[in-house]
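Sequential numbering of the sequence shown, starting at 26, is according to the working numbering. Everything below concerns the one structure shown next.
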Amino acid sequence: MSATRLFLPLYVFGCPKNFLSAMPIFPLQYHPNLCIALVLWMGAQVGVLLLQRYWGPRFFVPAMFLPVKYNYERRMDADQLSLLRLNQGDELDCVICMVRLVGFGSCYIS
């Protein structure tokens, strides 16, 4: 996809005898340095996308600027489970999606 986006700029600025040079209205010049810069810029963008694919989208943000990730499968104490059973009965629903939580009898809420 990235290579196809580079085709037209590389053709216009990299080919000294392109079809636009036949028209005197468009005085385009041959710019090989611009073509190299475009290829390097696109390569850097593709490199960042590949790094995000393998290391995650937040790999380049320093850890001190990232918020703490919330653990949705937190461990519950026996006291907390007994209080929930007293208040909720045997069923406990998710407050976000209102689905019955599976594994309510275990020590993990998931």
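The beta carbon of each residue, even a glycine, is placed where N, CA and C say it ideally should be. These numbers come from a predicted model, not from an experiment.
Tell me the rounded alpha-carbon separation between residue i and residue j.
{"i": "tyrosine 36", "j": "glycine 81", "result": "35 Å"}
{"i": "cysteine 132", "j": "leucine 108", "result": "Only weak support is given to the placement of cysteine 132: the predicted model assigns it a pLDDT of 47, under 50, and the question is left unresolved by the model."}
{"i": "tyrosine 79", "j": "tyrosine 97", "result": "23 Å"}
{"i": "arginine 125", "j": "glycine 72", "result": "43 Å"}
{"i": "proline 41", "j": "tyrosine 55", "result": "5 Å"}
{"i": "valine 120", "j": "phenylalanine 90", "result": "29 Å"}
{"i": "isoleucine 61", "j": "lysine 94", "result": "41 Å"}
Can you tell me where the alpha helix (DSSP H) holding residue i begins and where it ends?
{"i": "tyrosine 79", "result": "57–80"}
Grouping DSSP H, G and I as helix and E and B as strand, with all else coil, what is residue i?
{"i": "arginine 30", "result": "helix"}
{"i": "arginine 83", "result": "coil"}
{"i": "leucine 109", "result": "helix"}
{"i": "tyrosine 36", "result": "helix"}
{"i": "leucine 45", "result": "helix"}
Assuming residue i contacts residue j under a Cβ cut-off of 8 Å, what Cβ separation, rounded to an integer in Å, is found between them?
{"i": "leucine 53", "j": "leucine 45", "result": "5 Å"}
{"i": "phenylalanine 84", "j": "leucine 76", "result": "6 Å"}
{"i": "leucine 31", "j": "leucine 63", "result": "6 Å"}
{"i": "proline 57", "j": "glycine 39", "result": "6 Å"}
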